[in-house]
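For reference, the structure discussed in these notes is given below.
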Amino acid sequence: MRVFIDLMWFFKQEKKAYISGILILAVVAVLHLIPPKIVGYIVDLIKENELTKGTLIKWIIVLIVTALAMYVLRYYWRIMIFGSSLKLARILRNRLFSYFTNMSSSFYQQKRVGDLMAHATNDLQAIQGTAGSGVLTFVDSLLTGGFVVIAMAATISWKLTLIALIPMPFMAILTNYYGSLLHKKFHKAQEAFSSLNDKTQESINGIKVIKTFGQEKEDIESFRAQSADIVKKNVAVAKIDSLFDPTISIVIGLSFFLSIVFGAKYVISNELTIGQLISFTTYLGLLIWPMLAFGSLFNILERGRASYERVSNLLSEPKEILDRPNAINTIPTGSIEYKVKSFHYPNETKPVLEDIHFQLKQGETLGIVGKTGAGKTTLIKLLLREFEGINGTILFGNNRIYEYRIDRLRESIGYVPQDHFLFSSTVKENIAFSDPLIDQTFIEKAAKIAHIHDDILQFTDGYETIVGEKGVSLSGGQKQRISIARALLKDPEVLILDDSLSAVDAKTEEAILKSLKEERSGKTTIITAHRLSAIKHANKIIVLENGKIIESGKHDVLMENDGWYKAMFVSQQLEELVELGGK
Ligand code: ADP
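Quick note on numbering: the sequence shown equals residues 595 to 1177 in the numbering used here.
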């Protein structure tokens, strides 16, 4: 029941709908009592030979009116109660979504996407169930059950009522017991189902790898095994589920048996009329549903409570990266200076960056190179404030980056991440992501600088072509260039290309770099790359190894050093020569 207290804020908010729904339910519960009474009354009239056509028609009309009233009222309580529960799901769904969009990268590093999805789907459904069927079952079983028992005891015979109710507690106990067994087995079946889901998703995503390695048979085999496991676990659920009906039939049968045996005795001794006995047994039938419902109520509430707890715990987790009080509300500009002694990722102890000290003047281009895993992306993420907890600081303009409002800081940066992502919408919407209402000329300008404009014009619908799973498939280089155009659209103070030219051929790379230089004079650019040609012309190049700067300077200076940079540059030049020679 605690979950009802937890949800009290919502019931209060929707009190009109809930109170009217419950009142209507109460009226329906009372209306339920009428038909059995009328049937009993008519039987008594038949027995006494007193039934006239007129009375029969009168009672039939009453029956029809009652049925119609119940029909209409049931419609309304459903709307009131189930409608409200949908609102609760909507409120929580919106809260979760805005929470998800506000959380930082380290949050997503610690959580599994599958779990977050489960919170937004299964858990919300369970909570909605509590506020809908939960409330309904609770109120209705109490009202219907209560009214029927009162009607039996007060208007027919309290003695017979007590006798008939004797087996009922057994039913409640048994169904509750089966219910908890069912819950456990159901949980296992659900787990098996979700791991099959994971498996299917992974196999479909990785189908190319599976095929290239000729692992189809093994994959099908492992799918079969999991599938068989699901069947086994669901059969276990079905076995318990199948116990419900026979158990209930036995208990109800027992109740009917007792009522008939003792009822007949009372009829013979004239304590009851036949009509009353018939009404009584019909009432007994009406008790089946409330009894069953009460059994299942615990399941609904239990699931709702667990889900609500999970969702509330999640929502109460603090955002790690917040604006400081009185954060500066302007878009930062100016030079950038790293004064980072060390940085390690949350949950890790080994630093991934150490002694990163350099300055980049406004309008300069910085090239960052080094092996995979050297720390290039991490260095950039610190500027974006995706992670905090640096030992040291980073200055942007005259202030430390923590002093700006995060949205302001990020407004000044156009970031093209390594794992660029395009949405399943049009090319135009993908480029104009940060400002959907922007004029087409700006979109085209960004596309031209990123050297993707001509490609786009070749697509069937030009800028309106849908990309992604449902649309045209793009080459890696085209995706990269669209992502670059997206970052360029807002003409950012700082443009960051994180290995964003890797899939673009050398000639296009050169052309893009040239346009960037022309169009972005006075603005800062940071480029990380494997191909050194991408950063050759940078004002400053830093070479990272194991999180430390091992070389830095301009291209010419680095070429004079006999270090990693020179060796790499020479080897890449040779590669290029070989490629050209091969043509
Ligand atoms: P690069 O961009 O040079 O390839 P990264 O900055 O991506 O290098 O990675 C630097 C190091 O930090 C690597 O050892 C990598 O495994 C580790 N690393 C990267 N991202 C995370 C993360 N989110 N959590 C923990 N370690 C990470």
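All C-beta atoms in this analysis are idealised placements derived from N, C-alpha and C, irrespective of residue type, glycine included.
Please list the terminal residues of the continuous beta strand (DSSP E) segment that includes residue i.
i: D949; result: L947 to L954
i: I1143; result: K1142 to G1147
i: E865; result: Unbroken run through E865: none, as it is neither H nor E.
i: V1061; result: First-last for V1061: undefined, no H or E at that position.
i: L1138; result: K1134 to E1139
i: Y1057; result: Looking at the DSSP string, Y1057 is not in any beta strand (DSSP E), and its letter there is neither H nor E.
Just to check, is the beta-carbon of residue i closer than 8 Å to a non-hydrogen atom of ligand 1?
i: N941; result: yes
i: V1151; result: no
i: L1138; result: yes
i: S1094; result: no
i: A1128; result: no
i: S1187; result: As displayed, the chain neither begins before 595 nor continues past 1177, which places residue 1187 out of reach and without an answer.
i: T935; result: Checking the displayed sequence, the identity of residue 935 turns out to be Lys instead of Thr. K935 Cβ: outside cutoff for every heavy atom of ligand 1.
i: G961; result: no
i: A968; result: yes
i: V1214; result: Not covered by the structure: residue 1214. The range shown for the chain is 595 to 1177.
i: T1012; result: The sequence shown places Gln at residue 1012, not Thr. Flag set: Cβ of Q1012 near ligand 1.
i: L977; result: no
i: Q703; result: yes
i: G983; result: no
i: L973; result: yes
i: K1142; result: no
i: K965; result: yes
i: T1020; result: no
i: T1059; result: no
i: T1122; result: yes
Where do the N-terminal and C-terminal ends of the alpha helix (DSSP H) with residue i fall, by residue?
i: E796; result: M762 to N799
i: I1106; result: A1100 to E1113
i: F732; result: V729 to A745
i: Y902; result: I882 to S910
i: I757; result: W752 to L759
i: R596; result: R596 to D600
i: Q1034; result: Q1034 to I1043
Is the beta carbon of residue i sitting closer than 9 Å to the one on residue j?
i: L1107; j: H1124; result: no
i: K1134; j: L954; result: yes
i: Y612; j: I675; result: yes
i: K1142; j: L1152; result: no
i: T731; j: I599; result: no
i: G723; j: S789; result: no
i: I1007; j: P1086; result: yes
i: I1043; j: L1095; result: no
i: V733; j: I616; result: yes
i: L871; j: G708; result: no
i: L1003; j: F990; result: yes
i: Q1012; j: K1117; result: no
For residue i, does the three-state DSSP call read helix, strand or coil?
i: I988; result: strand
i: G723; result: helix
i: E608; result: coil
i: D1092; result: strand
i: S1069; result: coil
i: G957; result: coil
i: Y998; result: strand
i: T1118; result: strand
i: Y939; result: coil
i: E982; result: coil
i: E931; result: strand
i: G1157; result: coil
i: I824; result: helix
i: N688; result: helix
i: N716; result: helix
i: I872; result: helix
i: N696; result: helix
i: N643; result: coil
i: I1219; result: The shown model of the chain, from 595 to 1177, leaves out residue 1219, and the question about it has no answer.
i: N1024; result: helix
i: G1008; result: strand
i: G847; result: helix
i: G967; result: coil
i: I962; result: strand
i: I922; result: strand
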